[in-house]
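Remarks on the structure that follows.
Number of protein chains: 2
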Amino acid sequence: MGAFVTQTYHAKIYITLRPSVLDPAGTAVQSGLSHMGYRNIDHVRIGKYVELEIQAADEAEATRQIDRVCAQLLANPVIENYRFDLKPQAVSLGGTP
Amino acid sequence: MGAFVTQTYHAKIYITLRPSVLDPAGTAVQSGLSHMGYRNIDHVRIGKYVELEIQAADEAEATRQIDRVCAQLLANPVIENYRFDLKPQAVSLGGTP
Numbered sequence: 001m002g003a004f005v006t007q008t009y010h011a012k013i014y015i016t017l018r019p020s021v022l023d024p025a026g027t028a029v030q031s032g033l034s035h036m037g038y039r040n041i042d043h044v045r046i047g048k049y050v051e052l053e054i055q056a057a058d059e060a061e062a063t064r065q066i067d068r069v070c071a072q073l074l075a076n077p078v079i080e081n082y083r084f085d086l087k088p089q090a091v092s093l094g095g096t097p
Numbered sequence: 001m002g003a004f005v006t007q008t009y010h011a012k013i014y015i016t017l018r019p020s021v022l023d024p025a026g027t028a029v030q031s032g033l034s035h036m037g038y039r040n041i042d043h044v045r046i047g048k049y050v051e052l053e054i055q056a057a058d059e060a061e062a063t064r065q066i067d068r069v070c071a072q073l074l075a076n077p078v079i080e081n082y083r084f085d086l087k088p089q090a091v092s093l094g095g096t097p
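Just so you know, the protein sequences line up as chains U and H, in that order.
Under the UniProt record's numbering, the first residue of the first sequence is numbered 1, with each subsequent residue one higher.
Under the UniProt record's numbering, the first residue of the second sequence is numbered 1, with each subsequent residue one higher.
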């Protein structure tokens, strides 16, 4: 319709602490699990999982923007790593309840 | 060697708020992105991403235990959904730095 045609992409973003960074929350969960009897579980690391939708001209542009958003806002690059998957959203004409 | 041989599995667990549950953190991030100029991003939802290692006799046993751990400790089933992937860990004889 307009001058720009955009596509909606669904992004799944995984943010994890760098391996060298201590994870007190993960340690607490592991200790809780051990108290519950799960002594066979270790290396618990807790990160963030972000889903969002982005409108962009193409996948390269969406990738570029998500990468910037991760580095600037979602993750702390000093202590965290991030990675993400992008998937074009199917165009839906009806609403979902 | 012993009476029981176990295999180590690496689990990736994704915990998300149920779609009907409000996500104030996601809304805050979306608002921040909008202020930064990213008005093409919406439906931001923030969840948890947990990695852990579990020792179990087989994949079915590991799956059963991770499912219980999610329902009992990691997720709040009233407001959160969870899903996970399991992968057998390659046996490593050397250490990684």
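The beta-carbon is built from N, C-alpha and C at its ideal position, and this holds for glycine as well.
- Message: Quick check on the DSSP output: the beta strand (DSSP E) that includes residue 110 (chain U) runs from which residue to which?
- Response: Because chain U here runs from 1 to 97, residue 110 (chain U) falls outside it and cannot be looked at.
- Proximal chain H residues relative to Arg16 (chain U), where beta-carbon distance stays under 9 Å: The displayed chain sequence assigns Thr, not Arg, to residue 16 (chain U). The answer, in chain order, is Tyr49, Glu51.
- Three-state secondary structure (DSSP) at Pro24 (chain U)? helix
- Query: By how many angstroms is the C-alpha of Ala90 (chain U) removed from the C-alpha of residue 98 (chain U)?
  - Reply: Outside the modelled stretch of chain U, which goes from 1 to 97, sits residue 98 (chain U), for which no answer is possible.
- Task: Could you pull out every unbroken alpha helix (DSSP H) segment of at least 4 residues lying fully inside the region 6-56 of chain H, listed in chain order?
- Result: 24-35
- Query: Going along the chain, which residues of its own chain have a beta-carbon closer than 6 Å to the beta-carbon of His10 (chain U), five neighbours each way excluded?
  - Reply: Glu53, Lys87, Gln89
- Item | Buried versus exposed call for Val78 (chain H) [16 or more other C-beta atoms within 10 Å across all chains shown] | exposed
- Message: Quick check: is the beta carbon of Arg45 (chain H) nearer than 8 Å to any beta carbon in chain U?
- Response: yes
- Task: Count the CB pairs spanning the region 36-53 of chain U and the region 31-49 of chain H that are closer than 8 Å, and state whether there are at least three.
- Result: yes
- Task: Note down, in chain order, all residues in the region 55-85 of chain H with a beta-carbon under 8 Å from any beta-carbon belonging to chain U.
- Result: Gln55, Ala56, Gln65, Val69, Gln72, Leu73, Leu74
- Message: Check for me: the beta strand (DSSP E) holding Leu86 (chain H) runs from which residue to which?
- Response: 80-88
- Task: Quick one: list the residues of chain U neighbouring Leu33 (chain H), beta-carbon separation under 7 Å, in chain order.
- Result: Val69, Leu73
- Query: Out of curiosity, what's the CA-to-CA distance linking Thr63 (chain H) and His35 (chain H)?
  - Reply: 43 Å
- Is the CB of Val29 (chain U) under 8 Å away from at least one CB in chain H? yes
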